[in-house]
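Number of protein chains: 2
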Amino acid sequence: MDAGRKDIDALIDLMAKLPGLGPRSARRAVLHLIKKRERLMSPLADAMKSVAENARECVKCGNIGTGTICDICASEKRATGEICIVEDVADLWAMERAAVFRGRYHVLGGTLSALDAIGPEELRIPLLISRVRDEGVTEIILALNATIDGQTTAHYIADELAGACTVTSLAQGVPIGGELDYLDDGTITAALNARKGF
Amino acid sequence: MDAGRKDIDALIDLMAKLPGLGPRSARRAVLHLIKKRERLMSPLADAMKSVAENARECVKCGNIGTGTICDICASEKRATGEICIVEDVADLWAMERAAVFRGRYHVLGGTLSALDAIGPEELRIPLLISRVRDEGVTEIILALNATIDGQTTAHYIADELAGACTVTSLAQGVPIGGELDYLDDGTITAALNARKGF
Ligand SMILES: [Zn+2]
Ligand SMILES: [Zn+2]
């Protein structure tokens, strides 16, 4: 094998580490990229490099952006009194696609899990508690996945914030065992509008 | 949206153009990359850039490599008298994984197709005919997919080369309607060993 084939194999191995791609689909993807190396592969490499160098977590909410503070936290158009709690950035994106929530977010970075020894300190929970205290938050909307760990986490946060602000949760429309990022925009909208005291 | 989010959206759009990835799996892949930007995203961008800049088709056989001539065509260890005909590079890779064929290859770049107006000139068929004439080829092994277009192409090539050399084809083990790149190595080995006159 010459250096070229080794480079291609290295690329396939890296591609195969992406979620949803195995060795076979990674090979297919790489061949497709090589066929379209000027119109797809080079722009993709450049876009990836740029995002790798510039993307960072917002120090306030955990969203992905390029600055210290993300565009949502920095926007004056977003209500400061309402914070929507999500497990990860994919869920924040799903909420934003529904375009129904006009407040701000807080990305936990996962859920509490006794099995995986993930406690509040491993998540962005202490930061949430200081945000509620410091930012004049009046309502926390729990938009966690309807899984056991998601609901355990929701209860924990509701207990911690009891008395500090109103705590609601997405209600109608989230199927049992379902994950937010799989829902259509209409379902998310309905669930937000029908939110209830937690 | 700040510039960062626009960059991320552009990256997601490019990723969604890969075979097997839709918008949702592209979003998941990009978030995964951002989480692992130093250990996965940067190396992947670099590997992609390098392959985009260096990969090219072998002028002889159509395989992908970095030089004008690929490593297989350049190797003195590969028999010059036998050429295995495949539709595309994925099939060549599948044959190489089986590690049973020690000759050289010829990548057609597709199959004849009346429907898509693909004739011999659109494929690497004229080049094959001159290779057989110039390289002292004694046997052509047809390893085309068992599809209607694949078999039409096989018959066309067999007719063109009648009298010039022995023409065989992979036989036993290739399922009807099956594609080479989906087969396991053992099946490919059995099919090659049981090849018959075409
Ligand atoms: Zn933020
Ligand atoms: Zn070659």
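The listed protein sequences derive, respectively, from chains A and B.
Just so we're aligned, residue 1 is where the first sequence starts under the UniProt record's numbering, counting upward by one.
Just so we're aligned, residue 1 is where the second sequence starts under the UniProt record's numbering, counting upward by one.
We treat Cβ as the ideally placed atom computed from N, Cα and C, and that holds for glycine.
All values derive from a computational prediction rather than experimental measurement.
By Cβ distance below 8 angstroms, which residues in the same chain neighbour residue i in space, the five residues on each side in sequence not counted?
i	result
Gly22(A)	Ala16
Pro19(A)	none
Thr166(B)	Thr138, Glu139, Ile140, Gly197
Could you check the C-alpha separation between residue i and residue j for me, to the nearest Å?
i	j	result
Gly119(B)	Asp88(B)	16 angstroms
Gly110(A)	Ile85(A)	11 angstroms
Leu31(B)	Ser113(A)	22 angstroms
Lys60(A)	Lys35(B)	17 angstroms
Thr189(B)	Ala29(B)	35 angstroms
Ala94(B)	Asp181(A)	36 angstroms
Gly81(A)	Val137(A)	4 angstroms
His155(B)	Cys73(B)	25 angstroms
Thr66(A)	Asp71(B)	43 angstroms
Ala55(B)	Glu121(A)	47 angstroms
Leu161(A)	Ala98(A)	27 angstroms
Arg37(A)	Arg5(A)	16 angstroms
Leu14(B)	Asp134(A)	40 angstroms
Glu96(B)	Val51(A)	36 angstroms
Thr153(A)	Pro126(A)	13 angstroms
Arg131(A)	Glu76(A)	17 angstroms
Ile168(A)	Glu53(B)	First, the residue type needs correcting, since residue 168(A) is Thr and not Ile in the sequence shown. Going by the C-alpha atoms only, they are around 53 angstroms apart.
Asn145(B)	Ile83(A)	56 angstroms
Leu44(A)	Ala45(B)	8 angstroms
Gln151(A)	Cys58(A)	25 angstroms
Checking contacts by CB at 7 angstroms: is residue i closer than that to chain D?
i	result
Val89(B)	Considering every chain present, this structure includes no chain D. Its protein chains are A and B.
Just to confirm my understanding: we take residue i, look at its own chain, exclude 5 residues before and 5 after, and list those with CB closer than 7 angstroms. What are they?
i	result
Leu40(A)	Leu33
Leu192(B)	Val100, Phe101, Leu170
Arg27(A)	Ile12
Ala143(A)	Cys84, Ile85, Val86, Asp91, Met95, Leu170, Leu180
Asp7(B)	none
Mind checking residue i: buried by the 16 CB within 10 Å criterion, or exposed?
i	result
Gly163(B)	exposed
Leu11(B)	buried
Leu115(B)	exposed
Ala117(A)	exposed
Arg104(B)	buried
Thr68(A)	exposed
Asp91(A)	buried
Ala79(A)	exposed
Verify the contact flag: residue i, CB atom, against every heavy atom of ligand 2, threshold strictly below 6 angstroms.
i	result
Asp54(B)	According to the sequence as given, residue 54(B) is Asn; it is not Asp. Asn54(B) Cβ: outside cutoff for every heavy atom of ligand 2.
Asn145(B)	no
Cys61(B)	yes
Cys58(B)	yes
Less than 6 angstroms between C-beta atoms, sequence neighbours within five positions excluded: which residues of the same chain meet that for residue i?
i	result
Leu128(A)	His106
Leu108(B)	Glu87, Leu123, Arg124
Ile64(B)	Ala55, Val89
Met1(A)	Residue placement at Met1(A) is poorly supported in this model, since its pLDDT is 43, which falls under 50; the coordinates are not used for a value here.
Would the C-beta of residue i count as close to ligand 1, meaning under 6 angstroms from any of its heavy atoms?
i	result
Cys84(A)	no
Cys70(A)	yes
Cys73(A)	yes
Beta strand (DSSP E) runs wholly inside the segment 57-105 of chain B, at least 3 long, in chain order: Qualifying beta strand (DSSP E) stretches, in chain order: 82-86.
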